[in-house]
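Chains as they are written, first to last, in this note's numbering: chain A, -4 to 332; chain B, -4 to 332; chain C, -4 to 332; chain D, -4 to 332. Each residue gets a CB set at the ideal place from its N, CA and C atoms; glycine is no exception. Working notes, structure below.
What follows is the structure in structure tokens.
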């Protein structure tokens, strides 16, 4: 960490600041520049709240040399993490293809879609039982009944189940029933929830918040990992920008960025990012060749009558065509489906 | 709601769409434009998921005529809402001045600050017992012990207490101990939490999410109100933009906007918005003359040693000077302190 | 265009508004909704300044049914535009691969890079002679001397030259010397410049502004096309968002969006978007499979000593490897290199 | 400047980097941290292109200790700059109140509005002769005829004239006819134009770009000042964010930020920021108490029939009421009108 001092800083105040920093077991190396003086802080600065230093009148600015995350940082964990779920692995050579409807609506719907996506090459089933909806008047999901239907679809197809947890109250049930616990974008910084997830071993699919930086996404992963659960899969699903033709702006540069900064797997959700089914194919293929470890895609057998997000759901036939292209593209970037 | 049709839409498909819409008890009035045809939907469209219509191949776009919120909408509730908290009112002529430290740290700290801010003119005490922190390694608040200290400070000063709730698990305790329950920006769309808040009567201070539009803020208020709790106070605390000199960008235009769209009170948090104590004075005064119903300001008696956010905390003397200016400005915009 | 009226609009004022609209040769079809009344405007509304209607007290909101651009709109021009440059075509099956250094620095540099990128499969040479730089103290380009060097490199390799025009003063020279005139992101709404470009026939590579919506990009294309020059190639080069790990956020969803909305070709610049050379490969490949009509990529033979943007330049060997992958990916999405 | 090295950087490569830096007359002070090593660069780093260092494989990141602007920096110019325009001063105790229509439309219109705003307390007249419009089909201003009408209005009222320059071709005419040359948001990084403005002495009102950081605004001022023209007045007019209820998001925190970072005056344009006339009053008052050096406000005597931006124009009576409030607020923040 680098502390930039004000040009005419009071010496007594600087001495106090130095004493404060040294009391945290950090060493200081000053550099006198042409116009400004800086203090280089050497030691474990992760325990220091950098912002508090800026409360000091003699401090002009604080600069960070190291990333604030440790367990999620590739610097200390050079090899890719591979997350095991049953006989599937996320983060290895094989792509994770997670497909299914936005929300579970009925036994027929979820089972039929599960069979269809499996036939096309998906290796995980998604489907919401608890739905975060902007409007209190919108369909909120089937809840526990939805979980039961997901279990039936899993039994029928063998596909492990990925579904969203919204409340710590349902955690025990999810540990029992679900294969991967999804944390939605709006809960990425629900720190109480993250702490609870650190206490379990179940793999977590952590979606990037709408306005979360890549660093903040990794800090939320760090919350879970610091608690003891290292089975974290990151998911980019579009960020909020000024552009409103698409629901969000899919940030595919997050793929190489996260591969550089972290060892955790990163998968892409083109359905929520764009909010338009006819954009999904194009961006799903782009994600794969950009180096994503997998995709999470909404597929519905009757989008026109879906209870939620039909506008961004592929029909099974369209998904099948997409998978056929992905099977051709994957080997070129050293991946398998 | 307006449905814009594709220029060469299949007539059979349009007929199906019309039937679907009419099955929701809505009437359709078509208008044939120069290049495009639109369908005007008449009736209660709030129950219709507009996005689903866009799943339809014959639909080019859907436009919204009405706001999706009802209870929070000034259209149906022309007078300002006034929220009563003990003998204080938020949303009337008198400004709500909520002041105190970022986090409760000790009996001496919170009581001393409470006395100081009261003496300067604050009529509410703020202080975090449960702290949402980006880093799992940062101070997370004193928890229940913090609530006890807040109660002592209230006893000593008579100031009602505003503090943040992070988990439904603590709700009962907060109903008992706290005067206004604050919901932080990161939980603005924690819908499970919002639903619980709708079941109680305690006033809620709902902070705008970092990337929430004004409409989404009002939709989150609608969640609480739809559940039965109409005591909602909105709070603008800065939104996330590309500018990173400030922690966030304070959106003061939200004040006239919300006054136009809704009857709910709106208060401003310049401390979190800017993240720099020396900016607070300027923006606090601006908020008052722009028409805010109140302010929430961080005040700490020893910012250099604060356990959290010292860089954005005013010292009691600086707060006192600010209040002295606000007392002069308020009457010019027909407010009292 | 749809005009939403205020619920309690004064009838005399509405009558005046109706008269104003009808005086523009537009017909009005009103629809009385449950809470609000709307006026549907039928006719050529492109001549009407919609915003002005909002000056009217009785108007609640104005909604747009049609896009404000005509000549750039696929609605009126269903087939893809193909822009011819010498014996090359942009917008057809063959990808446009535009490669070269950020700025022209010397005869050796530009010629060597030109030969290298041609050998790897590029069909256009890029290189800045006039450089827009944030700092007045930074290298500003070789100017006319740079144009001469570009011409020599073209003579040597046969590659058509793409370079940025910053001022109308240099237009004549560019028409003579250059094959494609690039308009940089910062000049996308330099309307004086756009008007001049409408008067010529030379193909224009129009880069999307840092904070321009897709609609605004198309409106800037419309400026040029309305003037008479239909040879416009669009370029997505990253937009400004809150994420600052990358220089900008590359918006690949702009590819399917623009393909839907417009008939103009769209190419992608991953170098400026990310600002990091090690991200370029991943996103260049993604752009191709997402459906881009081409790429514009910075290649420098000595990035460590480049006078500009070395951090985002590929070395010729890295570019060659990238092209080798692109040659394999292109046929899968029905493209050739 | 601080260069953070990669943890396992090749020593030969580091030695080359060190040699490169030292060849620029900079000294290096290394600090070995716990996990990473940094190089502190001492000397005039403004001539060094920091980004180029990131082209180097051994470099992890570059951090900036100093701001990249010198002439606009308060560090080297502690006192506020005061810009003289005739017998008016911008940047002193007296507020600059610049008012007038969006565009000059006729002799009657501009003269009548000029008289009205002067009577209410404005000390400058604004009015566009050349208008930057998103649509090529919209009214583009009266051009030179507009300048003539502005001169007549100035003659009649004595108010100095502020109007926008869009092209270097009109510069000579503007120097002769105009008192303050306004550079619009879309031209803030039209570097060719900025360079020309550096060669003259006429005061420049430089508007912040829609997606420009405060630092970039100051860098554009630096362009003009580096050329020799130190008469720069900055203007915040709203930035582009995800919120689209308002045209842009007015960033009032730019006022204290710019006051800290720079000695240049800063004025606020609430009309363009919000795009809604009924928001202007609230935010204009807020700007004054936040410490702005002035306001630029659109006033039109017939907004319903304005040729441009009527929706954001105040009527003269509303402007008069606003000024009456501002006259009361100004003294409380030590300003005069």
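Whole angstroms is fine: what's the gap from residue 18 of chain A's alpha carbon to residue 38 of chain A's? Within the first chain, numbered from 1, the residue matching residue 18 of chain A stands at position 23. Within the first chain, numbered from 1, the residue matching residue 38 of chain A stands at position 43. About 12 Å.
Establish whether the CB of residue 63 of chain B and some CB of chain A are separated by less than 8 Å. Mapped onto the second chain, residue 63 of chain B falls at position 68. Against chain A, the CB of residue 63 of chain B has a partner CB under 8 Å away; the residue lies at that interface.
Proximity to residue 203 of chain B [Cα-Cα], best of B:323, B:245, B:15: Walking along the second chain from the start, residue 203 of chain B turns up at place 208. Taking only the C-alpha atoms, the option nearest residue 203 of chain B is B:245.
Pick helix, strand or coil for residue 173 of chain C, following the three-state DSSP scheme. Taking the first residue of the third chain as 1, we reach residue 173 of chain C at position 178. Of the three classes helix, strand and coil, the one that applies to residue 173 of chain C here is coil, per DSSP.
Which same chain residues, not among the five before or five after residue 224 of chain A, have their C-beta less than 8 Å away from its C-beta? Translated into positions along the first chain, residue 224 of chain A becomes position 229. Cβ within range, chain order: 192, 193, 194, 195, 196, 197, 199.
Taking the straight line between their C-alpha atoms, what separation do you get for residue 138 of chain D and residue 102 of chain D? What you label residue 138 of chain D is simply residue 143 of the fourth chain in a count that begins at 1. What you label residue 102 of chain D is simply residue 107 of the fourth chain in a count that begins at 1. When rounded, the distance between both Cα atoms is 14 Å.
Report back the beta-carbon spacing between residue 294 of chain A and residue 96 of chain A to the nearest angstrom; my notes put them in contact at under 8 Å. As a working note, residue 294 of chain A is residue 299 in the first chain. As a working note, residue 96 of chain A is residue 101 in the first chain. Correct: roughly 7 Å between the Cβ atoms.
Residue 222 of chain B, DSSP secondary structure in three states: Residue 222 of chain B sits at position 227 when you count from the first residue of the second chain. Three-state DSSP puts residue 222 of chain B in a helix.
Are the beta-carbon atoms of residue 208 of chain D and residue 134 of chain B separated by less than 8 Å? By 1-based counting over the fourth chain, the position of residue 208 of chain D is 213. By 1-based counting over the second chain, the position of residue 134 of chain B is 139. No.
In the DSSP output, which residue or residues are listed as bridge partners for residue 42 of chain B? By 1-based counting over the second chain, the position of residue 42 of chain B is 47. Answer is none; residue 42 of chain B lacks a bridge partner.
So with CB distances below 8 Å, who are the chain D contacts of residue 252 of chain B? Taking the first residue of the second chain as position 1, residue 252 of chain B is located at position 257. Result: 240, 241, 274.
Segment contact, 8 Å Cβ cut-off, at least three pairs: the region 257 to 272 of chain A with the region 306 to 317 of chain A: As far as the Cβ criterion goes, the region 257 to 272 of chain A touches the region 306 to 317 of chain A, which means the pair count is three or higher.
Under 8 Å, Cβ to Cβ, is there at least one residue of chain C near residue 218 of chain D? In the fourth chain, counting from the first residue as 1, residue 218 of chain D sits at position 223. Yes, contact with chain C.
Assign residue 165 of chain C to one of two classes, buried (16 or more other C-beta atoms within 10 Å of its C-beta) or exposed (fewer than that). The residue given as residue 165 of chain C occupies position 170 in the third chain. Using a 10 angstroms sphere on the CB of residue 165 of chain C, the tally of other CB atoms reaches 16 or more, which defines it as buried.
Could you tell me the distance, in whole angstroms, from the CA atom of residue 343 of chain B to the CA atom of residue 259 of chain B? Missing from the structure shown is residue 343 of chain B; chain B here goes from -4 to 332 and no further.
Quick one: which residues of the region 198 to 209 of chain C get their C-beta closer than 7 Å to a C-beta of chain D? List them in chain order. Cβ proximity to chain D below 7 Å picks out 205, 206 from the region 198 to 209 of chain C.
Other residues of its chain near residue 181 of chain A: CB distance less than 8 Å, five sequence neighbours each side excluded: Within the first chain, numbered from 1, the residue matching residue 181 of chain A stands at position 186. The residues are 127, 204, 205.
For a cutoff of 8 Å on Cβ pairs, would you count residue 184 of chain D as touching chain A? Indexing the fourth chain from 1 puts residue 184 of chain D at position 189. Taking 8 Å as the threshold, the shortest C-beta distance from residue 184 of chain D to chain A does not fall below it.
Cα-Cα, which of B:94, B:46, B:124, B:123 is closest to residue 114 of chain B? As a position in the second chain, residue 114 of chain B is number 119, starting the count at 1. Closest in C-alpha terms to residue 114 of chain B, from the list B:94, B:46, B:124, B:123, comes B:94.
When you compare each of A:68, A:11, A:32, A:153 to residue 218 of chain A by their alpha carbons, which one comes out closest? Your numbering for residue 218 of chain A matches position 223 in the first chain. When each option's Cα is compared against that of residue 218 of chain A, the closest is A:68.
Any heavy atom of the ligand GTP closer than 7 Å to the Cβ of residue 193 of chain B? Ligands displayed in this structure: none; no statement on the ligand GTP is therefore possible.
Check the Cβ of residue 245 of chain A against every Cβ in chain B and list those closer than 9 Å, keeping chain order. Counting from one through the first chain, the residue named residue 245 of chain A turns up at place 250. Listed by position along chain B, the residues whose Cβ is nearer than 9 Å to that of residue 245 of chain A form an empty set, because the closest Cβ is around 15 Å away.
Spell out whether any CB of chain A is found under 8 Å from the CB atom of residue 125 of chain D. By 1-based counting over the fourth chain, the position of residue 125 of chain D is 130. Not flagged as an interface residue toward chain A: residue 125 of chain D, since no C-beta distance is shorter than 8 Å.
Span separating the alpha-carbon of residue 285 of chain C from that of residue 247 of chain C: Stepping through the third chain from its first residue, residue 285 of chain C is reached at position 290. Stepping through the third chain from its first residue, residue 247 of chain C is reached at position 252. If you draw a straight line from the Cα of residue 285 of chain C to the Cα of residue 247 of chain C, it comes to about 7 Å.
Classification of residue 52 of chain A by the beta-carbon crowding that lies within 10 angstroms, buried from 16 upward: In the first chain, the residue the question calls residue 52 of chain A occupies position 57. Residue 52 of chain A is exposed by the Cβ-count criterion.
Is there a C-beta anywhere in chain G that falls below 8 Å from the one on residue 194 of chain B? Included in the structure are the protein chains A, B, C and D, with no chain G among them.
On the DSSP bridge assignment, give the partners of residue 231 of chain C in chain order. Stepping through the third chain from its first residue, residue 231 of chain C is reached at position 236. According to the DSSP secondary-structure assignment, residue 231 of chain C is paired through a beta bridge with C:263.
Which of the three DSSP states, helix, strand or coil, is assigned to residue 61 of chain A? Locating residue 61 of chain A in the first chain gives position 66, where the first residue counts as 1. Correct three-state label for residue 61 of chain A: coil.
So residue 333 of chain A and residue 188 of chain A are supposed to be a Cβ contact under 8 Å. How far apart are they, rounded? Residue 333 of chain A lies beyond the residue range present for chain A, which begins at -4 and ends at 332; the question has no answer from this structure.
Residue range of the alpha helix (DSSP H) that includes residue 279 of chain D: The residue labelled residue 279 of chain D in the question sits at position 284 within the fourth chain. Going by DSSP, residue 279 of chain D is part of the alpha helix (DSSP H) stretching over 272 to 285.
Per-residue burial, residue 176 of chain D [other beta carbons within 10 Å of its own, 16 or more giving buried]: Taking the fourth chain and counting its residues from 1, the one referred to as residue 176 of chain D is at position 181. Per the 10 Å Cβ criterion, buried.
Check residue 238 of chain C in the structure and name its three-state DSSP category. Walking along the third chain from the start, residue 238 of chain C turns up at place 243. Secondary structure at residue 238 of chain C: coil, using DSSP grouped into helix, strand and coil.
So, with DSSP's three-state summary, where would you put residue 326 of chain B? In the second chain, counting from the first residue as 1, residue 326 of chain B sits at position 331. Helix.
I'd like to know whether the C-beta of residue 42 of chain C is nearer than 8 Å to at least one C-beta of chain D. Counting from 1 along the third chain, the entry for residue 42 of chain C is found at position 47. Yes, because at least one Cβ of chain D sits closer than 8 Å to the Cβ of residue 42 of chain C.
Residues of chain A with CB closer than 9 Å to the CB of residue 214 of chain B, please, in chain order. As a first step, residue 214 of chain B must be located in the second chain, where it is residue number 219. Within chain A, the residues whose beta carbon sits less than 9 Å from that of residue 214 of chain B are 129, 130, 131, listed in sequence order.
Just to check my reading of the structure: residue 201 of chain B and residue 229 of chain B have Cβ atoms closer than 8 Å, yes? What is that Cβ distance to the nearest angstrom? Residue numbering aside, residue 201 of chain B sits at position 206 when the second chain is read from its first letter. Residue numbering aside, residue 229 of chain B sits at position 234 when the second chain is read from its first letter. Right, the Cβ-Cβ distance comes to about 6 Å (below 8 Å), so this counts as a contact.
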